[in-house]
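Remarks on the structure that follows.
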Amino acid sequence: MSAQIEVEISRMNLPDESKTMHQSSNGLTDSDGMSSGAVNFSGPGVQIGQNRVGSKFGGGGVAGASETNVDRRERLRKLALETIDLAKDPYILRNHLGSLECRLCLTLHTNEGSYLAHTQGKKHQTNLARRAAKDAKETQLMVAPAQSNVQRKVFLKIGRPGYRVTKVRDRDTGKEGMMVQVHLPQIKLGVIPRRRFMSAWEQKREPPNKAYQYLIVAAEPYETIAFRIPAREIEDESDDAGYWNWSHWDPDTKQYTFQFMFRMSY
Numbered sequence: 001m002s003a004q005i006e007v008e009i010s011r012m013n014l015p016d017e018s019k020t021m022h023q024s025s026n027g028l029t030d031s032d033g034m035s036s037g038a039v040n041f042s043g044p045g046v047q048i049g050q051n052r053v054g055s056k057f058g059g060g061g062v063a064g065a066s067e068t069n070v071d072r073r074e075r076l077r078k079l080a081l082e083t084i085d086l087a088k089d090p091y092i093l094r095n096h097l098g099s100l101e102c103r104l105c106l107t108l109h110t111n112e113g114s115y116l117a118h119t120q121g122k123k124h125q126t127n128l129a130r131r132a133a134k135d136a137k138e139t140q141l142m143v144a145p146a147q148s149n150v151q152r153k154v155f156l157k158i159g160r161p162g163y164r165v166t167k168v169r170d171r172d173t174g175k176e177g178m179m180v181q182v183h184l185p186q187i188k189l190g191v192i193p194r195r196r197f198m199s200a201w202e203q204k205r206e207p208p209n210k211a212y213q214y215l216i217v218a219a220e221p222y223e224t225i226a227f228r229i230p231a232r233e234i235e236d237e238s239d240d241a242g243y244w245n246w247s248h249w250d251p252d253t254k255q256y257t258f259q260f261m262f263r264m265s266y
């Protein structure tokens with residue numbers, strides 16, 4: 001009886017055939033569908049860096065053409081920023097949209113990096129060479145102005161001459177004018193006094209004022225004297241045949257006298 005009980009117990013401890021493991025094509029799988037052991041990871045969409053030229057397991061691989069161009073432009077931009085001052089570039093122009101323009105090549109750039117990369121390019125360098133050659137040619141064609149052979153007179157001035165200014169007026173027409181008498185007792189022999197009218201912008205002694213003009217009288221060895229008069233149009237001596245507008249130099253009395261009239265404004 002006891003022997004029969006032991007046999008039954010031993011049978012209960014034996015593994016059931018339905019629970020036995022069997023080997024599948026993808027590994028070890030039990031009858032319940034649970035797998036164990038090695039798993040095959042190969043399949044579509046899964047790459048582990050194999051079969052790539054120059055690559056290592058876990059590496060990024062060889063860079064393509066686009067990545068190389070981006071890296072080259074970045075290196076050129078950094079190099080240009082170190083060597084080029086955009087504030088001194090005569091060809092850069094920032095428009096109202098904030099973009100940068102190259103006035104030499106007529107190109108548009110979104111930022112400084114793009115413009116700096118353009119300045120290192122072949123097109124910009126070629127245009128720079130053409131502009132330099134053009135400027136050199138124009139410089140050679142420029143003819144230096146001929147030096148004047150007239151020597152400036154140098155003499156010892158003895159001071160200002162005496163003078164007298166009188167206002168005159170025509171009763172019939174109402175024209176106004178001035179008569180000037182200049183006394184030149186020590187004038188240089190053979191010298192005739194000169195006079196001319198000068199605008200306010202020609203003289204350098206006073207701030208320009210469009211309301212005035214200047215009457216200049218010169219005679220060696222005296223200093224040149226000037227009279228500030230109203231900036232009105234002046235008649236010529238030929239306008240009235242020398243009746244109101246005239247000039248006279250008396251070499252005996254050494255007195256220079258002249259008279260001029262302002263033109264009537266209608």
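Per full-length UniProt numbering, the very first residue in the sequence shown carries number 1; after that it's consecutive.
Virtual Cβ for every residue (Gly too), placed ideally from N, Cα, C.
Out of curiosity, what's the CA-to-CA distance linking residue i and residue j?
{"i": "Arg195", "j": "Phe227", "result": "11 angstroms"}
{"i": "Asp170", "j": "Glu176", "result": "6 angstroms"}
{"i": "Leu141", "j": "Arg130", "result": "17 angstroms"}
{"i": "Asn209", "j": "Ile216", "result": "17 angstroms"}
{"i": "Pro251", "j": "Lys188", "result": "11 angstroms"}
{"i": "Glu122", "j": "Ala87", "result": "One point to set straight first is that residue 122 is Lys, not Glu, in the sequence displayed. Whole-angstrom Cα-Cα distance: 22 angstroms."}
{"i": "Asp172", "j": "Tyr163", "result": "28 angstroms"}
{"i": "Gly159", "j": "Thr139", "result": "47 angstroms"}
{"i": "Ile225", "j": "Phe197", "result": "12 angstroms"}
{"i": "Lys167", "j": "Arg205", "result": "25 angstroms"}
{"i": "Thr107", "j": "Glu101", "result": "6 angstroms"}
{"i": "residue 272", "j": "Glu237", "result": "It is not possible to answer for residue 272, since the shown part of the chain is limited to 1 through 266."}
{"i": "Asp174", "j": "Ala211", "result": "Checking the sequence shown, residue 174 turns out to be Gly, not Asp. Each residue's Cα considered, the two are about 21 angstroms apart."}
{"i": "Arg103", "j": "Met264", "result": "54 angstroms"}
Is the CB-CB distance between residue i and residue j below 8 angstroms?
{"i": "Glu235", "j": "Phe260", "result": "yes"}
{"i": "Gln203", "j": "Ile229", "result": "no"}
{"i": "Trp246", "j": "Phe258", "result": "yes"}
{"i": "Leu76", "j": "Gln120", "result": "yes"}
{"i": "Asn69", "j": "Cys105", "result": "no"}
{"i": "Val191", "j": "Met178", "result": "no"}
Is residue i near the ligand GDP - that is, is its Cβ less than 7 angstroms away from at least one heavy atom of it?
{"i": "Ala132", "result": "Summarising the ligand content, the structure contains no ligands, and the ligand GDP is consequently not present."}
Kindly indicate which three-state DSSP category residue i falls into: helix, strand or coil?
{"i": "Tyr212", "result": "strand"}
{"i": "Glu101", "result": "strand"}
{"i": "Asp250", "result": "strand"}
{"i": "Lys167", "result": "strand"}
{"i": "Tyr256", "result": "strand"}
{"i": "Leu106", "result": "coil"}
{"i": "His124", "result": "helix"}
{"i": "Gly162", "result": "strand"}
{"i": "Leu86", "result": "helix"}
{"i": "Arg232", "result": "coil"}
{"i": "Glu206", "result": "coil"}
{"i": "His96", "result": "coil"}
{"i": "Ala218", "result": "strand"}
{"i": "Val70", "result": "helix"}
{"i": "Ala129", "result": "helix"}
{"i": "Glu237", "result": "coil"}
Please look up how many angstroms separate the CB atoms of residue i and residue j, rounded, as I've assumed it's under 8 angstroms.
{"i": "Pro193", "j": "Val182", "result": "7 angstroms"}
{"i": "Leu184", "j": "Lys254", "result": "5 angstroms"}
{"i": "Pro161", "j": "Ala219", "result": "7 angstroms"}
{"i": "Tyr243", "j": "Trp249", "result": "With a Cβ gap of about 19 angstroms, Tyr243 and Trp249 do not count as contacting."}
{"i": "Thr110", "j": "Ser99", "result": "6 angstroms"}
Contact the region 115 to 127 vs the region 90 to 102: 3+ CB pairs below 8 angstroms: yes
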